[in-house]
Structures are given as structure tokens and as C-alpha cells.
Amino acid sequence: SELNLSYSKVNDSGVMLLSSNTALTKLNLDSRLITDTGLEWIGSLTGLMHLDLFGAKVSNRGTVYLKNLKALLSLELCGGGITDLTQISNLTGLTSLNLSQNCRLSDTALQNLSPLTGLRSLNLTHTRVTSNGMPHLQSLVALSSLALYGCKVSPIAINKLRLCCTRLQVIGVDEAASRK
């Protein structure tokens, strides 16, 4: 079943009430009222295949609660508090990952994405990712869409990535940012 609570007033306490709904496969909680505490309850929803926490105030501490979501195919964590992707690396079934707006996420964190070889779509828009991080994505051979708007990634780095990720067709990158 699906539940869209985007832009609602649901907070961490409300998420606790959802935790018994193990039939949920898609959950949209695009809300600034959701924090790491709410993720503890979300972690019990092991049937989730799609989880949208776009605006949630989630940090590295909260991502540990996602480790049991092995059925997860799509994940959006865009609240700005993510700097470490260690826990995300355990979600090897992911095909779509949106980490945009995490302005402190840097190149070194990308090395933890290498186990996600089935990833087809990756959004790193408005992170601190640069050309130096692109080699960490070379194992993502299924990658076909990569968004890098606002990132300092050169055309040379993108071309090198394309040699490994031969399916890569859609790349979003700002021309001005790529020249910096």
C-alpha cells in the first residue's frame, strides 16, 4: 500500500503510529518535522520499496535505522544533514537515490556507494561533490542518470566516468560550475 503525507503536519510521533503498518510499500514523508527519531520507527517498515524523506531533517545518525529496509528500491534523503553514506551502502537493492541538497556531502562519502551496482539514477545536486569524487562512482555500471547541478565537476571527469558507466545518458551539470 502507499501513503503520501507530504507537506502534512506529521512529525516523529505520527511516524511512530505508522510503524505498525507493515504492508506499506511506498511512503512519502516530505516534511521538515521528521527527524532521526522518526527514522527509528520507519526502520521497522521492512516492506518499503520507496521512501521519500526529501525535506526531512535527517542526519547520519538517523540513517542507521534504514539498514533493515532491504526491499528499498528508491530513497530520497535531501534534508541537508547527510555527510556519511556508510549505512546507505547496505541498501544494495536501490535503483534510485536522491541525496541532493546535502550541502556538506563530499567526495570521500561517495566511496560508500560502490556496493550499489544496480543504481540507475543518482542525484547529487547542490552537494560538495567535485571531479575528485567521480572515480568512486565507476562501479555503478547500471547508472543511466546522474544529476550534478551546482557541483564542481569537469567535463573530463564526466567523460572518464562514462568509460565505466556506459549506460550513462542523462547528466545534469551546470556549465558554470563545471568550469570552476
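Okay, so the sequence shown: first residue is 996 according to our numbering, each after it adds one. Ideal placement from N, C-alpha and C gives every residue a C-beta, glycine not left out.
Check: Sub-8 Å separation of L1000 and N1016 beta-carbons; Outcome: no
Check: Where the alpha helix (DSSP H) containing N1055 begins and where it ends; Outcome: 1055 to 1058
Check: Other residues of its chain near G1042: CB distance less than 7 Å, five sequence neighbours each side excluded; Outcome: T1017, A1018, L1019, T1020, A1066
Check: Which residues DSSP lists as bridging S1091, in chain order; Outcome: S1069, S1116
Check: Own chain residues within Cβ distance below 7 Å of K1062, not counting five before or after; Outcome: Q1082, N1085
Check: Residue from V1059, L1114, S1126, D1047 whose Cα sits closest to the Cα of L1156; Outcome: S1126
Check: Short Cβ contact (8 Å threshold) for V1059 with W1036; Outcome: no
Check: Of the listed residues Y1144, L1158, N1055, nearest to L1135 (C-alpha basis); Outcome: L1158
Check: Three-state secondary structure assigned by DSSP to N1023; Outcome: strand
Check: Residue nearest to N1006 in terms of C-alpha spacing, selected from T1030, E997, L998, S996; Outcome: T1030
Check: Residue range of the unbroken alpha helix (DSSP H) whose run includes N1154; Outcome: 1150 to 1159
Check: Backbone CA spacing between G1033 and L1080 [nearest angstrom]; Outcome: 19 Å
Check: Bounding residues of the alpha helix (DSSP H) (the contiguous stretch that carries I1029); Outcome: Here I1029 belongs to no alpha helix (DSSP H), and DSSP marks it neither H nor E.
Check: Best match in L1046, N1055, T1087 for proximity to S1069 [C-alpha to C-alpha]; Outcome: L1046
Check: DSSP three-state assignment for I1037, whether helix, strand or coil; Outcome: helix
Check: Reduced DSSP category for I1077 - H, G, I as helix; E, B as strand; rest coil; Outcome: coil
Check: Residues bridged to S1140 [DSSP beta-bridge criterion]; Outcome: S1116, V1165
Check: Closest Cα partner of C1073 within the set S1026, C1146, A1152, Q1133; Outcome: S1026
Check: Identity of the residue in V1053, L1108, R1115, I1166 nearest R1091 by Cα; Outcome: Inspection of the sequence shows that residue 1091 is occupied by Ser rather than by Arg. The candidate whose alpha carbon is nearest that of S1091 is R1115.
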